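Here the protein sequences line up with chains A and B, keeping their order. Heads up: the first sequence runs through residues 138 to 595, numbered per this note's numbering. Heads up: the second sequence runs through residues 1107 to 1331, numbered per this note's numbering. Where a beta carbon is used, it is the ideal one built from N, C-alpha and C, also for glycine. Just so we're clear, the structure is a prediction, and the values are computed from it rather than from any experiment. Take a look at the structure below.
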Amino acid sequence: MRSIRVQLLGWLLPGFVLVCTVAIFGVYYSAQQAIEADLDARLSRLAGSARLALRNQTTAGTGASRGPGLRAFVAKEEFQSPGQYFELWTSTGEPERRSPNLGNADLPPPPKSMHDAIRYNGTLRDGERVRVSTMQYPQGGGNPPLAFAVALSRREGEARLSRLLTDLAIGGIGCCAVLCLLSALALKVAMRPLAQVGEKAAAMGAGSLHERFDAEAMPSEIAPLVARLNDLMARLEQGFERERRFSGYLAHELRTPLAAIRATSEVAAKWPEQSSPDDFHEITQATMRLQQTVDSLLLLSRVETASADVTSQPVELSALVEECLTLHLDRAKQRELTFDLQHDPSLIVETDPHLLRIIVSNLIANATDYAPQGTAIVIAATNGDPFLRVGNPAPDLTSEDIPHLFDRLWRKDATRSDAAHAGLGLSIASSCAVALELVLTAELGESGTLQMSLHSKK
Amino acid sequence: MRLLFVEDSASIRKPVTKALKASGYAVDSTGDGIEGWQMLQDHDYDVIILDIMLPGMDGREILRRLRAAGNETPVLFLTAQDSVENRVAGLRLGADDYLTKSFALEELLARVEVLGRRKYAKRSPILVVGDLELDQAAKTVRRGGRELHLTPQLFALLEYLLLRKGQVVSRTEIEEHIYDELVSPMSNVVDTAVCALRRAITLSDKSAPVIHTRRGMGYIIPEFP
Chain A
138 MRSIRVQLLG WLLPGFVLVC TVAIFGVYYS AQQAIEADLD ARLSRLAGSA RLALRNQTTA
198 GTGASRGPGL RAFVAKEEFQ SPGQYFELWT STGEPERRSP NLGNADLPPP PKSMHDAIRY
258 NGTLRDGERV RVSTMQYPQG GGNPPLAFAV ALSRREGEAR LSRLLTDLAI GGIGCCAVLC
318 LLSALALKVA MRPLAQVGEK AAAMGAGSLH ERFDAEAMPS EIAPLVARLN DLMARLEQGF
378 ERERRFSGYL AHELRTPLAA IRATSEVAAK WPEQSSPDDF HEITQATMRL QQTVDSLLLL
438 SRVETASADV TSQPVELSAL VEECLTLHLD RAKQRELTFD LQHDPSLIVE TDPHLLRIIV
498 SNLIANATDY APQGTAIVIA ATNGDPFLRV GNPAPDLTSE DIPHLFDRLW RKDATRSDAA
558 HAGLGLSIAS SCAVALELVL TAELGESGTL QMSLHSKK
Chain B
1107 MRLLFVEDSA SIRKPVTKAL KASGYAVDST GDGIEGWQML QDHDYDVIIL DIMLPGMDGR
1167 EILRRLRAAG NETPVLFLTA QDSVENRVAG LRLGADDYLT KSFALEELLA RVEVLGRRKY
1227 AKRSPILVVG DLELDQAAKT VRRGGRELHL TPQLFALLEY LLLRKGQVVS RTEIEEHIYD
1287 ELVSPMSNVV DTAVCALRRA ITLSDKSAPV IHTRRGMGYI IPEFP
């Protein structure tokens, strides 16, 4: 499994090492340049002193012999011990004077024929590394110029650089370690909300679907994910709630007639003198109600898995509507309802007539059963979108009821006292619409008219 | 004992009411919650059987109002809602028992009997006074070891007087607990029933009287006849 923490650390740690290394080399290079500059400055001052000593010498003496001025210069304490060197060459290049600390050794010669003052690094015979400054000193009287060199040991500078390098290396490693530790800690802290979300999600079950993740307490990067999770939880909760309601309704629809059958038959068996033909009629009624519920549930189940068996053929919609309408005329007459049929007789739809008949019949049955007595039901089958509309006054319905209309076994009457309906008709119609790749919608108009519309998905 | 049965499904209400009456209970029944609540306010019932989903007023609401009014009459919920949450909610609201549909009539009768005993703080189904013994579960009466055959109404009257043993029971109380609302007893119906009961439980002239009359007050079965 890929870990974000490992990935981030995999990028950050080499990055820290690289940055530290570059910083160390930068600091080291700067220090080296400063030490070189300091060395060259000291070398310049020493060369100036040597030049001054030579000038005093040439002005005091006659040129060929070097007098006490140069001796005094060479006899300085700094030339007695290693660290600072001086050597003077004759015009033929023979060593003429050396500082005592050179002994018989020469300073390293310049790398090329010397015409001007140059500086270079060299190594003495004893292995000591020095910085040498060589220059010519012009002699008057047509004599060729003298060459002399001063040198300063690099030991101190190199020791300082070495110490600096050691310090930088230790500091760099320490810095990298601290940064790594801080990064790991920061990642751990930053990733904690994700871990908390994971723990909470793991602890959630069917009984805790009302709980939500606290999106406001989450970092902005995770908040959108948490918000989506909360949406998912809300949908799951609604789904579970719908199923729970369905189970409760189903228990009522099945158990009530069963209880009636059982109680009536038990009374008849135990107290035969108490029973009458009405009891058997009650048993028949309860059995029929039970059968109606079971048949509707089976139909719903078959319709929900009917997508593969849908056969499409041209269907005259107005003829189908009229056919369904005749099935409900008696009931409509009984309730003094009138039908306002608006249809285009030439309208042909390509669909499964069996499933479409179930939809139309259920919509008309629903309107016939629930429209207030003496009102009008409008049925429109036209060439448009929606291609079928069934509207009826529904004064008892509220906008909160509309999302539940297609729920299985839902009834407006929560007591479910009316034994004539199970609350499956619209669920069956909706499932048939899905099987036909149609969309069945319900709308409650401002005038309290319930409008059921059948749309083509396209 | 007098029961109230509130159930909106007539196909259940009718046979269950028949069974309860056949078992010797005076039963008032209705299919409407509001009417049930009004009946509860008008009469003192020994046991109430309530459906939960009722038109007019929910069974839970009836129970809540009942308990809020300080009425401790045992209540049995009879409902199709069988989930643990529903049972727990019903019992926590103050119901004494919970039975889900469909149910065996015998079980319902047994539970009602237990609730009736609970109302009078009795644990045993056998009520005894002297040599007279009434078994609430078996619905039998024995005196001196001999079984007596009583009509359901006389059985109910004796049961009620035994449950109130040691207390004077007024005629009104007897009317309230022995007769349902469909029977409107005349003032002498109770006296006639008590007289018939006395005859039914007397084995011979030597049998000690069990039911005593307190003039102007009612009847009493003393603790020690």
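Of the other Cβ atoms in all chains shown, 16 or more fall within 10 Å of the Cβ of V1122/B; this residue is therefore buried. Across the set R292/A, I501/A and M328/A, the C-alpha of M328/A shows the shortest separation from the C-alpha of L146/A. T475/A and E1113/B have their C-alpha atoms roughly 36 angstroms apart. At least one CB of chain A lies nearer than 9 angstroms to the CB of T1206/B. Cβ-Cβ distances below 7 angstroms link V486/A to V452, L454 and F524 in the same chain, with the five nearest sequence neighbours on each side left out; the list follows chain order. With a contact defined as Cβ atoms closer than 8 angstroms, R1166/B and I1154/B miss out at about 13 angstroms.
Distances from the alpha-carbon of P356/A to those of Q273/A, A502/A, P330/A and G560/A put P330/A closest. With distances taken between CA atoms, G259/A lies nearest to V287/A out of P237/A, G163/A, P275/A and V287/A. Interface flag for S455/A against chain B is unset, since no Cβ pair is found closer than 9 angstroms. Burial state of N529/A is buried, judged by a 10 Å Cβ sphere holding 16 or more other Cβ atoms. Excluding the 5 residues flanking it on each side, R235/A has same chain C-beta neighbours closer than 6 angstroms at E224, in chain order. Within the same chain, and ignoring the five residues on either side of I1327/B in sequence, the residues whose Cβ sits closer than 7 angstroms to its Cβ are V1235, L1267, L1268, K1271, V1316 and I1317. Under the Cβ criterion of 9 angstroms, D1286/B is not counted among the residues facing chain A.
Contact with chain B is absent for D533/A, since none of that chain's Cβ atoms lies less than 9 angstroms from the residue's Cβ. Listed by position along chain B, the residues whose Cβ is nearer than 8 angstroms to that of W408/A are K1124, A1125 and A1128. Chain-ordered, the chain A residues with CB closer than 9 angstroms to the CB of S1117/B read T393, P394, A396, A397, I398, A400, T401, E419, I420, Q422, A423, R426 and A556. W226/A sits in a strand when the DSSP states are folded into three classes. Annotation for D481/A: T519 and N520 place their beta carbon closer than 6 angstroms to its own, counting only its chain and skipping 5 residues before and after. The Cβ atoms of A338/A and L366/A sit closer than 9 angstroms to each other.
Assigned with DSSP and collapsed to three states, D477/A falls in strand. Secondary structure remark: continuous beta strand (DSSP E) runs of at least 3 residues inside the segment 255–339 of chain A, in chain order: 255–260, 266–274 and 283–290. Of the candidates S1310/B, G1324/B and D1311/B, the residue whose Cα lies closest to the Cα of V1300/B is G1324/B.
Contact between A566/A and I496/A is confirmed by a C-beta separation of about 5 angstroms, below the 8 angstroms threshold. Within the same chain, and ignoring the five residues on either side of A423/A in sequence, the residues whose Cβ sits closer than 7 angstroms to its Cβ are P394, A397 and I398. Interface flag for K1120/B against chain A is set, since a Cβ pair is found closer than 9 angstroms. Counting only the Cα atoms, E1281/B lies some 53 angstroms from N499/A.
Listed along the chain, the chain A residues whose CB falls inside 7 angstroms of the CB of Q1187/B are G385 and A388. Judged by DSSP in its simplified three-state form, P540/A adopts helix.
Interface annotation, L1109/B: not in contact with chain A, CB-CB separation never under 9 angstroms. In terms of beta-carbon proximity, A1210/B lines the interface with chain A, with at least one pair separated by less than 9 angstroms. Around the Cβ of F1330/B, a 10 Å sphere holds fewer than 16 other Cβ atoms; the residue is exposed. The Cβ of M1159/B sits closer than 9 angstroms to at least one Cβ of chain A.
With contacts defined by Cβ atoms closer than 9 angstroms, G511/A and R472/A form a contacting pair. In the DSSP assignment, L362/A falls outside any beta strand (DSSP E) and lies within the alpha helix (DSSP H) extending over A360 to K407.
Here T430/A has E390 and A559 as same chain residues with Cβ atoms under 6 angstroms from its own Cβ, once five neighbours each way along the sequence are excluded.
Secondary structure at T1206/B: strand, using DSSP grouped into helix, strand and coil.
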